[in-house]
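Report on the structure given below.
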Amino acid sequence: EPFVLEANPNPNIGAGEDFALSAAAAGMSYPDLLEQVMSLALRRGRG
């Protein structure tokens, strides 16, 4: 079930920030988090 932490178009995704810490709590490593963010952005494309 999805859970919304916040609606923020420019979250701080630094390793020690809430976004990355939430991913870590869900079992995702920081490199995997960055790879997933980049993969989704590339798939989405522009516009």
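In the working numbering, the protein residues as written are 1011 to 1057. Using N, Cα and C, we set each Cβ at its ideal position, and we do this for glycine too.
CB of residue i within 8 Å of CB of residue j, strictly
i: glycine 1024; j: alanine 1030; result: yes
i: serine 1032; j: leucine 1015; result: yes
Same chain only: Cβ atoms within 6 Å of residue i, ignoring 5 sequence neighbours per side
i: tyrosine 1040; result: Ala1025 and Ala1030
i: alanine 1034; result: none
i: proline 1021; result: Phe1029
Same chain, Cβ closer than 7 Å to residue i, neighbours up to 5 away in sequence not counted
i: glutamate 1011; result: none
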